[in-house]
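See below for the structure under consideration.
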Amino acid sequence: MKLFRLAVLPLALMTTAAYASEYDAAMRAYLDSSIRTWANDPVLVAAINAANTERAGIDQARIDNMDTAWRAEVGQADSPTITPILTSAAADFLRTQIDSSGGKITEVFITDNVGLNVAVSAPTSDMWQGDEDKFSKVFSAGPDAVLLGEIELDESTQTYQGQISISITDPATSQVIGTMTIGLNAEALM
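Laid out in structure tokens, this is it:
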């Protein structure tokens, strides 16, 4: 039995690796053909620039307080931290992109230059993405940065999903001003 397991393991790993590679290619193709066409839309750039101005000089204690407030509000009717970020013109724009994706996009959110949410298509579990690779690795890498996430089973929808995180650049300055993370339905992409 042990020999059988050892023989099957490489096959299972090759299948997983092949699928991941195929999915990565599909994610990149979708990024280039669809997401990049709207990722630097003026409504998103304006929202990020406004947040960067409003939050200039913010310290870690304030970031932590905002993140704690957000987490406490998730799922609550009264959500003064979440509501403005969920109901802005930029958030409406993100939801329009989801609606236009034919089921490929499951969620989208953008962050400012410290990793705080600026606009979300739906509430995220936390407000501060700055301590996660989807922000830290992407923002610091500069313009055109891309991070492809692992494919994972979303328990709530019972679908396989992955994330793409990209840097958002202000076309007027060519400077990275924030990031965008896009959740993709792996089954819809394949």
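If you count by mature numbering (1 follows the signal peptide of the UniProt record, and there is no 0), then the sequence shown holds residues -20 to -1, 1 to 170, one letter each, in order.
Just so you know, even glycine gets a beta-carbon here, dropped at the ideal spot from N, CA and C.
The model shown is predicted, which means the values in this text are computed figures rather than measured ones.
(request) Would you decide whether threonine 67 is buried or exposed? Buried here means 16 or more other CB atoms lie within 10 Å of its CB. (result) Classification of threonine 67: exposed, given that the 10 Å Cβ count is below 16.
(request) Run through the segment 80 to 113 for me and flag every whole beta strand (DSSP E) of 3 or more residues, listed as ranges in chain order. (result) 85 to 91 and 97 to 100
(request) Would you be able to state if there are at least three C-beta pairs under 8 Å between the segment 45 to 55 and the segment 119 to 138? (result) no
(request) Measure the alpha-carbon distance for threonine 164 versus proline 64 and round it to whole angstroms. (result) The question names threonine, yet the displayed sequence has leucine at residue 164. Computed Cα separation, rounded: 24 Å.
(request) Specify whether the segment 136 to 152 and the segment 6 to 13 touch according to this definition: at least 3 beta carbon pairs, one from each stretch, less than 8 Å apart. (result) The segment 136 to 152 is in contact with the segment 6 to 13.
(request) Return yes when the C-beta of glutamine 40 is under 7 Å from any heavy atom of the ligand ATP, and no when it is not. (result) Judged by which ligands are present, the structure shown has none, so any question about the ligand ATP falls away.
(message) Please classify serine 101 as buried or exposed, where buried requires at least 16 neighbouring CB atoms within 10 angstroms.
(response) buried
(message) Let's test the definition: count the other Cβ atoms within 10 Å of the Cβ of aspartate 47 and tell me whether it reaches 16, buried, or not, exposed.
(response) buried
(request) Flag this pair as touching only if the segment 124 to 133 and the segment 80 to 93 have three or more C-beta atom pairs under 8 Å; answer yes or no. (result) no
(message) Short of 8 Å in beta carbon distance, which residues of its chain neighbour aspartate 134, apart from the five on each side in sequence? Order them along the chain.
(response) Thr86, Tyr140 and Gln141
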